[in-house]
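Residue numbers (my numbering): 529 to 705. Glycine included, C-beta positions come from ideal geometry on N, C-alpha and C. Below is one structure; the comments refer to it alone.
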Amino acid sequence: MTNDIKIASHNLLLRSIKPSDASAIFKYRSMPIINQYQGWIPEKLEEVDDFIQNKIAKEINQIGTWYQMAIILNESETLIGDLGLHFVENHVVEIGCTIANEYQGKGYATEALNHAIHYLFTDLNKRKITGSVDPRNKASIAMLQKLGFKLEAHHKKAFFLRGEWVDDDIYVLYEKN
529 MTNDIKIASH NLLLRSIKPS DASAIFKYRS MPIINQYQGW IPEKLEEVDD FIQNKIAKEI
589 NQIGTWYQMA IILNESETLI GDLGLHFVEN HVVEIGCTIA NEYQGKGYAT EALNHAIHYL
649 FTDLNKRKIT GSVDPRNKAS IAMLQKLGFK LEAHHKKAFF LRGEWVDDDI YVLYEKN
């Protein structure tokens, strides 16, 4: 496998994250409103540099690792978000997406996830894709449901997030045979 993955859609290019993406990622990932339902809010650019250099997989489809992709707006070549792929088991992938505040509500996350899902099922022969969502995150839940995901599990007080125990909903999409 290679680290140079590219998935093109009508409005977007999904490509492997590069060290030069750090400042663009820090700009939106450091905003508490963007990450209110996520655990990682970097306080310094160096944290994003470290994340890119040391915390994510260098190759896609490695069991037990997260592989991160940049979401690029074709029209302006602007990095507007990132998409994470957690290779849980041989045929199971957890997926997650973060979009910069000014680009939310325009369908970009849905478009990015739709193309990533197609890639996972078609090119990597995955059978099951999951999404872990805070039940308070109504927009993400609606998006997953629009993509065909179904609620499979609800875990009470599953994560300790910024001083409180929060629930976790697991949404699942199975490969259509």
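Candidates the options, of which the one nearest residue i by Cα
| i | options | result |
| --- | --- | --- |
| Met597 | Arg664, Ser558, Asp697, Tyr647 | Tyr647 |
| Ile533 | His643, Ser558, Ile588 | Ile588 |
| Ile599 | Met559, Ile627, Asp578, Asp577 | Ile627 |
| Ala667 | Val576, Gln564, Phe688 | Gln564 |
| Gly592 | Leu679, Gly612, Ile569 | Gly612 |
| Glu703 | Thr606, Met671, Phe677 | Phe677 |
| Lys555 | Glu617, Leu607, Asp695 | Leu607 |
| Lys654 | Glu639, Ser537, His538, Glu617 | Glu617 |
| His538 | Asp578, Glu639, Asp651, Ala686 | Glu639 |
Chain C within 8 angstroms of residue i, Cβ atoms only
| i | result |
| --- | --- |
| Leu613 | Here chain C cannot be found, since the structure has a single protein chain. |
Cα-Cα separation, residue i to residue j
| i | j | result |
| --- | --- | --- |
| Gly635 | Leu541 | 14 angstroms |
| Asn665 | Leu675 | 16 angstroms |
| Pro547 | Gly691 | 31 angstroms |
| Tyr631 | Leu689 | 25 angstroms |
| Val700 | Ser604 | 33 angstroms |
| Met559 | Val576 | 13 angstroms |
| Gly633 | Asn582 | 32 angstroms |
| Leu679 | Arg543 | 29 angstroms |
| Pro570 | Leu601 | 23 angstroms |
| Leu672 | Leu573 | 30 angstroms |
| Met529 | Ala686 | Note that Met529 has pLDDT 39, beneath the 50 cutoff, so the model's placement of it is unreliable and the number below is only indicative. Cα to Cα, Met529 sits roughly 34 angstroms from Ala686. |
| Phe649 | Asp578 | 30 angstroms |
N- and C-terminal bounds of the beta strand (DSSP E) containing residue i
| i | result |
| --- | --- |
| Met597 | 594 to 601 |
| His614 | 606 to 617 |
| Glu680 | 678 to 689 |
| Ala536 | 534 to 536 |
Rounded Cβ spacing between residue i and residue j (contact assumed at less than 8 angstroms)
| i | j | result |
| --- | --- | --- |
| Gly659 | Glu622 | 7 angstroms |
| His614 | Trp594 | 5 angstroms |
| Ile657 | Ala681 | Incorrect: roughly 14 angstroms between the Cβ atoms, too far for contact. |
Continuous alpha helix (DSSP H) stretch holding residue i: start and end
| i | result |
| --- | --- |
| Tyr643 | The question names Tyr, but residue 643 in the sequence shown is His. Its alpha helix (DSSP H) spans residues 636 to 650. |
| Val556 | Just to set this straight, residue 556 is Tyr in the shown sequence, not Val. Tyr556 -> alpha helix (DSSP H) spans 550 to 557. |
| Leu672 | 666 to 674 |
| Asp578 | 573 to 578 |
Proximity below 8 angstroms, CB of residue i to CB of residue j
| i | j | result |
| --- | --- | --- |
| Ile535 | Ala644 | yes |
| Ile519 | Ala550 | There is simply no residue 519 to check, as the chain begins at 529 and stops at 705 in what is shown. |
| Asn629 | Ile561 | yes |
| Asp696 | His683 | yes |
| Asp610 | Ile669 | no |
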